[in-house]
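First up is the structure itself, then whatever we jot down about it.
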Amino acid sequence: MAAITKEMTIGEILRTNPDVAPVLMEAGMHCLGCPSAQAESLEEAAMVHGMDIKDLMSKIEAL
Numbered sequence: 061m062a063a064i065t066k067e068m069t070i071g072e073i074l075r076t077n078p079d080v081a082p083v084l085m086e087a088g089m090h091c092l093g094c095p096s097a098q099a100e101s102l103e104e105a106a107m108v109h110g111m112d113i114k115d116l117m118s119k120i121e122a123l
């Protein structure tokens with residue numbers, strides 16, 4: 061499986077590994093299909109949502 065990075069868009073991440081969706085939903089990113097998910101990097105989305113990207117990446121990497 062391809063590695064997931066904080067530079068990837070949410071759309072790319074979900075295409076790479078759909079199992080990440082529940083992690084993002086639990087973190088408060090409920091609009092996984094919205095236009096921003098196709099243009100914003102995970103790091104940008106985390107910043108907008110007030111999340112710590114290191115914590116979020118740790119949860120994703122634990123899958």
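So the sequence shown is numbered by my numbering: it starts at 61 and just counts up by one.
Ideal placement from N, C-alpha and C gives every residue a C-beta, glycine not left out.
In this structure, A106 keeps its C-beta atom at 8 Å or more from the C-beta atom of T69. Residue ranges of uninterrupted beta strand (DSSP E) with 3 or more members are absent from the stretch 65 to 103; none lies entirely inside it. The beta carbon of A62 is closer than 7 Å to those of T76 in its chain, skipping five residues each way along the sequence. Taking a C-beta distance under 8 Å as the contact criterion, V80 and I64 qualify as a contact pair. For L123, the number of other beta carbons within 10 angstroms of its own is below 16, and it is reported as exposed.
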